[in-house]
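Written below as structure tokens is the structure these notes are about.
Number of protein chains: 2
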Amino acid sequence: MPSIKSQLPPLFIGIDGGGSKCKAVVMTADHQILGTGIAGPGNPLHGFEQATNSIIDCASLALTDAGLSRLPLSSIHAGVGLAGVNLPAIFQQMSTWQHPFLSMQLATDLSIACLGAHEGADGAVIITGTGSCGFACVDGKEFIIGAHGFPHGDKGSGAWFGLQAAKQVLLSLDGLVANTLLTAQLMALLGCSTDTDLVEVIAHKPATFYAQFANLVLDAADQGDVIATAIVTEGADYIDHVAKRLWQQQPKRMSIIGGLSARITPWLAPQVQQQLSTPLNPPEVGAVFFAEQQLAALF
Amino acid sequence: MPSIKSQLPPLFIGIDGGGSKCKAVVMTADHQILGTGIAGPGNPLHGFEQATNSIIDCASLALTDAGLSRLPLSSIHAGVGLAGVNLPAIFQQMSTWQHPFLSMQLATDLSIACLGAHEGADGAVIITGTGSCGFACVDGKEFIIGAHGFPHGDKGSGAWFGLQAAKQVLLSLDGLVANTLLTAQLMALLGCSTDTDLVEVIAHKPATFYAQFANLVLDAADQGDVIATAIVTEGADYIDHVAKRLWQQQPKRMSIIGGLSARITPWLAPQVQQQLSTPLNPPEVGAVFFAEQQLAALF
Chain G
21 MPSIKSQLPP LFIGIDGGGS KCKAVVMTAD HQILGTGIAG PGNPLHGFEQ
71 ATNSIIDCAS LALTDAGLSR LPLSSIHAGV GLAGVNLPAI FQQMSTWQHP
121 FLSMQLATDL SIACLGAHEG ADGAVIITGT GSCGFACVDG KEFIIGAHGF
171 PHGDKGSGAW FGLQAAKQVL LSLDGLVANT LLTAQLMALL GCSTDTDLVE
221 VIAHKPATFY AQFANLVLDA ADQGDVIATA IVTEGADYID HVAKRLWQQQ
271 PKRMSIIGGL SARITPWLAP QVQQQLSTPL NPPEVGAVFF AEQQLAALF
Chain F
21 MPSIKSQLPP LFIGIDGGGS KCKAVVMTAD HQILGTGIAG PGNPLHGFEQ
71 ATNSIIDCAS LALTDAGLSR LPLSSIHAGV GLAGVNLPAI FQQMSTWQHP
121 FLSMQLATDL SIACLGAHEG ADGAVIITGT GSCGFACVDG KEFIIGAHGF
171 PHGDKGSGAW FGLQAAKQVL LSLDGLVANT LLTAQLMALL GCSTDTDLVE
221 VIAHKPATFY AQFANLVLDA ADQGDVIATA IVTEGADYID HVAKRLWQQQ
271 PKRMSIIGGL SARITPWLAP QVQQQLSTPL NPPEVGAVFF AEQQLAALF
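Protein chains in written order, with our numbering: chain G, 21 to 319; chain F, 21 to 319.
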């Protein structure tokens, strides 16, 4: 006698886990979205337990949102795209996780973002949110630029904008660069009145902390602040370089995605802007495409 | 009846605690050095317990070196100069430490470095080791530039050189800047063959880790490597600016000290180099001067 479970139409959960949050979507096999959920940080490089808890939390929230809270996770195939799993040791650790799903197909956050943006097809994406990177997938071959993390990489990302701002503000408080609007605004935002206050507030803070003041830098640049403009110009120049390297891989489409994409796009070179296409689906939907493609290849 | 202790000539222990090590010196009241000791990291911002353990360890080692291992620390006045205590919360925490000395006079690492370099008199110092900063003490008024920490500050320091190198090497591996000698040398030093290897090795590393490859950057710059030369030039320009700001305070003397000082001095502007004086004593001896001055003011 077949179980009740097997009589239900197949469902998929797609999960996108990044440095600041984990997003889940529940979808039918014909790509109807039934529900979504958001939970805490999902980058296993910054904590395996937190990442796996966030994955379960956002998946459960998405099921509840879909009105399916009584359906066990063990009845659903999951596609999980995570920041950090580009590192072999982290991929290995996540692969051995005793996950609660019927099956789990594990990919990088880049891979699912690209599949999402291009409706499951080949293409390229530039991601700029808390971190930054470029990714192309053409004829089964993946190409990655950046995705190196903070503070040594992720140029043009929110965390990079925030760190550059903090560095320049500290130099301005020492009288070594111009003291502009940016200094007053960052100090006000963080409730600081001296350089010592500022150092106490920013010491040992992660990328997500710095990314919080990226918009302040972009706002100051929009108002013509010279220090902020120099930071934004340097970040945008880097993204332009990433776009040019990605086009060399000859993708059919390219999109820019992530929390900072709308703010940084106007600063990119006109030619780079013109060649960008609107992303068709978010990364968590790309994670469902990934799970479907992997399972189709298995059976 | 006076105790045996009070019949001994007064001794002082001077301690210099920084991010990578803690150095102690035992001196007589007439400034003869009897012994020295070195222990682990002594910056309480990076760990109160480790810093206080290192202080006790290096003091005990200095007493043993002096042939005075049976003398209790409770019989000796200590001058203790520490990185991190420029932050009020850290100064407060260290002040309430139940230290083992007869008395403890607490100062910043900058203060004792300056006192040491100028034989207990006013002056200015530029410090470039794991971290970087400028400090002047003129007519009882202190002036600080930098000392902001890693990764947001400490330009021109060993950690800054190392981080800049790591960033440029990652960009070169992505084909976004020139792939020079520096890339091959850093990858060889760290046993890496891909950008992923490099990210795994450097992720979440502290300033002391990055400072380890500052000399590799300076070596590459000496060999004409364009990327390394750009890094060293930017760091040296910053130190030149710090020197100029310090001279505005009108100190009588200025010295450059710290683990990187000998390597970076040839890269400074000729005028800055010519105005530098040889430091007369190391910071730990300055810590003894500080303790003497504080005790003299008390009694």
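Here a beta-carbon is modelled for each residue, glycine too, at the ideal position from N, C-alpha and C.
Exercise. Is residue 194 of chain G buried or exposed, if buried means 16 or more other CB atoms sit within 10 Å of its CB?
Worked result: Start at 1 with the first residue of the first sequence, and residue 194 of chain G comes out as number 174. Label assigned to residue 194 of chain G: buried.
Exercise. Considering only C-alpha positions, which residue in the set G/242, G/31 and G/282 is nearest to residue 54 of chain G?
Worked result: Stepping through the first sequence from its first residue, residue 54 of chain G is reached at position 34. It is G/31 whose Cα lies nearest to the Cα of residue 54 of chain G.
For this session: Just tell me which of G/45, G/166 and G/100 has its CA closest to the CA of residue 353 of chain G.
Result: Outside the displayed span of chain G (21 to 319) sits residue 353 of chain G, for which this structure offers no information.
For this session: Output yes if chain G places a C-beta closer than 9 Å to the C-beta of residue 195 of chain F; else output no.
Result: The residue labelled residue 195 of chain F in the question sits at position 175 within the second sequence. Yes, residue 195 of chain F counts as interfacial toward chain G.
For this session: Residues of the region 166-198 of chain F with a CB closer than 7 Å to any CB of chain G: list them in chain order, please.
Result: 166, 168, 169, 171, 172, 173, 183, 186, 187, 190, 194, 195 and 196
Problem set entry | Euclidean distance between Cα positions of residue 303 of chain G and residue 275 of chain G | For the purposes of this step, residue 303 of chain G is taken as residue 283 along the first sequence, with counting starting at 1. For the purposes of this step, residue 275 of chain G is taken as residue 255 along the first sequence, with counting starting at 1. Cα to Cα, residue 303 of chain G sits roughly 12 Å from residue 275 of chain G.
Exercise. Can you tell which of G/260, G/206 and G/217 has its C-alpha closest to the C-alpha of residue 245 of chain G?
Worked result: One-based indexing of the first sequence puts residue 245 of chain G at position 225. Residue G/206 holds the alpha-carbon nearest to the alpha-carbon of residue 245 of chain G among G/260, G/206 and G/217.
Exercise. Can you tell me the Cα-Cα spacing of residue 220 of chain G and residue 104 of chain F, whole angstroms?
Worked result: As a working mapping, residue 220 of chain G is identified with position 200 in the first sequence. As a working mapping, residue 104 of chain F is identified with position 84 in the second sequence. Going from the Cα of residue 220 of chain G to the Cα of residue 104 of chain F covers about 10 Å.
Problem set entry | Contact check, residue 98 of chain F vs residue 34 of chain F, beta carbons under 9 Å | On the second sequence, position 78 is the one that residue 98 of chain F refers to. On the second sequence, position 14 is the one that residue 34 of chain F refers to. Closer than 9 Å, so yes.
Exercise. Using a Cβ-Cβ cut-off of 6 Å (strictly less than) and excluding sequence neighbours within five positions of residue 192 of chain F, which residues of its own chain qualify?
Worked result: The residue given as residue 192 of chain F occupies position 172 in the second sequence. Same-chain partners within the cutoff: 199 and 203.
Exercise. So, is the C-beta of residue 129 of chain F closer than 9 Å to a C-beta in chain G?
Worked result: One-based indexing of the second sequence puts residue 129 of chain F at position 109. By this cut-off, residue 129 of chain F is not an interface position.
Exercise. Quick one: any contact between the region 141-155 of chain F and the region 226-234 of chain F, if contact means 3 or more CB pairs under 8 Å?
Worked result: yes
For this session: With 8 Å as the C-beta to C-beta threshold (strictly closer), list the residues of the region 129-163 of chain G near chain F in chain order.
Result: none
Exercise. Can you give the beta carbon distance from residue 280 of chain G to residue 137 of chain G, rounded, assuming they're within the 8 Å contact cut?
Worked result: Locating residue 280 of chain G in the first sequence gives position 260, where the first residue counts as 1. Locating residue 137 of chain G in the first sequence gives position 117, where the first residue counts as 1. Contact doesn't hold; Cβ gap of about 16 Å is too wide.
For this session: Please compile the residues from chain F whose C-beta is within a distance smaller than 7 Å of the C-beta of residue 106 of chain G.
Result: Taking the first residue of the first sequence as position 1, residue 106 of chain G is located at position 86. Within 7 Å Cβ-Cβ: 216.
Exercise. By DSSP, does residue 261 of chain G sit in helix, in strand, or in coil?
Worked result: Locating residue 261 of chain G in the first sequence gives position 241, counting from the first residue. Helix, per DSSP.
Exercise. When burial is assigned at 16 or more other CB atoms within 10 Å of the CB, is residue 187 of chain G buried or exposed?
Worked result: The residue you call residue 187 of chain G lines up with position 167 of the first sequence. Looking at its Cβ environment, which holds 16 or more other Cβ atoms inside 10 Å, residue 187 of chain G is buried.
Exercise. How many whole angstroms separate the CB atoms of residue 82 of chain G and residue 57 of chain G, which I take to be in contact at a CB cut-off of 8 Å?
Worked result: One-based indexing of the first sequence puts residue 82 of chain G at position 62. One-based indexing of the first sequence puts residue 57 of chain G at position 37. Confirmed, about 4 Å.
Exercise. So which residues of chain G does residue 220 of chain F contact, with C-beta pairs closer than 7 Å?
Worked result: Within the second sequence, numbered from 1, the residue matching residue 220 of chain F stands at position 200. Those within 7 Å of residue 220 of chain F in chain G are 107 and 109.
Exercise. The beta strand (DSSP E) spanning residue 146 of chain F covers which residue range?
Worked result: As a position in the second sequence, residue 146 of chain F is number 126, starting the count at 1. Per DSSP, residue 146 of chain F belongs to the beta strand (DSSP E) from 143-148.
For this session: Determine the chain G residues that contact residue 265 of chain F at a beta-carbon separation under 8 Å, and present them in chain order.
Result: The residue given as residue 265 of chain F occupies position 245 in the second sequence. Result: 194, 195 and 196.
For this session: State buried or exposed for residue 298 of chain G, treating a residue as buried only when at least 16 other CB atoms are found within 10 Å of its CB.
Result: Numbered from its first residue, the first sequence carries residue 298 of chain G at position 278. Around the C-beta of residue 298 of chain G, fewer than 16 other C-beta atoms lie within 10 Å, and the residue is accordingly described as exposed.
For this session: Say whether chain F places a C-beta atom closer than 9 Å to the C-beta of residue 288 of chain G.
Result: Walking along the first sequence from the start, residue 288 of chain G turns up at place 268. Answer no: the Cβ-Cβ gap between residue 288 of chain G and chain F never drops below 9 Å.
For this session: Determine which residues of the region 40-71 of chain G have a Cβ less than 8 Å from any Cβ of chain F, and write them out in chain order.
Result: 65
Problem set entry | Cβ neighbour criterion (16 or more within 10 Å) applied to residue 65 of chain G | The residue you call residue 65 of chain G lines up with position 45 of the first sequence. That one is buried.
For this session: Show which residues of chain F have a CB atom less than 8 Å away from the CB atom of residue 261 of chain G.
Result: Taking the first sequence and counting its residues from 1, one reaches residue 261 of chain G at position 241. Per Cβ cutoff of 8 Å: 196.
For this session: May I ask you to list, following chain order, the residues of the region 219-247 of chain G that have a beta carbon less than 7 Å from some beta carbon of chain F?
Result: 219, 220, 222 and 223
For this session: Find the nearest neighbour of residue 111 of chain F within the set F/120, F/119, F/127 and F/123, judged by alpha-carbon distance.
Result: Residue mapping note: residue 111 of chain F aligns to position 91 of the second sequence, counting from 1. The candidate whose alpha carbon is nearest that of residue 111 of chain F is F/127.
Exercise. For residue 201 of chain F, which residues from the same chain have a beta carbon less than 8 Å from its beta carbon, with the 5 sequence-adjacent residues on both sides left out?
Worked result: Along the second sequence, one-based indexing puts residue 201 of chain F at 181. 240, 243, 245 and 248, listed in sequence order.
For this session: List the endpoints of the continuous beta strand (DSSP E) containing residue 128 of chain F.
Result: Here the question's residue 128 of chain F lines up with position 108 in the second sequence. Here the beta strand (DSSP E) through residue 128 of chain F covers 123-128.
Problem set entry | Euclidean distance between Cα positions of residue 170 of chain G and residue 179 of chain G | Stepping through the first sequence from its first residue, residue 170 of chain G is reached at position 150. Stepping through the first sequence from its first residue, residue 179 of chain G is reached at position 159. Residue 170 of chain G and residue 179 of chain G have their C-alpha atoms spaced approximately 7 Å apart.
Problem set entry | Status (buried if at least 16 other CB within 10 Å, exposed otherwise) for residue 273 of chain F | Position 253 of the second sequence holds residue 273 of chain F. Buried, because 16 or more other Cβ atoms sit within 10 Å of the Cβ of residue 273 of chain F.
For this session: Please work out which residues of its chain come closer than 7 Å, Cβ to Cβ, to residue 289 of chain G, disregarding the five sequence neighbours upstream and downstream, and give them in chain order.
Result: For the purposes of this step, residue 289 of chain G is identified with residue 269 of the first sequence, where counting begins at 1. Cβ within range, chain order: 260.
Exercise. For residue 237 of chain G versus residue 222 of chain G, is the C-beta spacing smaller than 9 Å?
Worked result: Sequence index remark: in the first sequence, residue 237 of chain G carries index 217 (1-based). Sequence index remark: in the first sequence, residue 222 of chain G carries index 202 (1-based). Their beta carbons are not under 9 Å apart, which means residue 237 of chain G does not touch residue 222 of chain G by this criterion.
For this session: In the DSSP assignment, find the beta strand (DSSP E) that holds residue 46 of chain F and state where it starts and stops.
Result: In the second sequence, residue 46 of chain F corresponds to position 26, counting from 1. Unbroken beta strand (DSSP E) run through residue 46 of chain F: 42-48.
For this session: Can you grab the Cα-Cα spacing for the pair residue 183 of chain G / residue 235 of chain F, in whole Å?
Result: For the purposes of this step, residue 183 of chain G is taken as the residue at position 163 of the first sequence. For the purposes of this step, residue 235 of chain F is taken as the residue at position 215 of the second sequence. Distance between the alpha carbons of residue 183 of chain G and residue 235 of chain F is about 25 Å.
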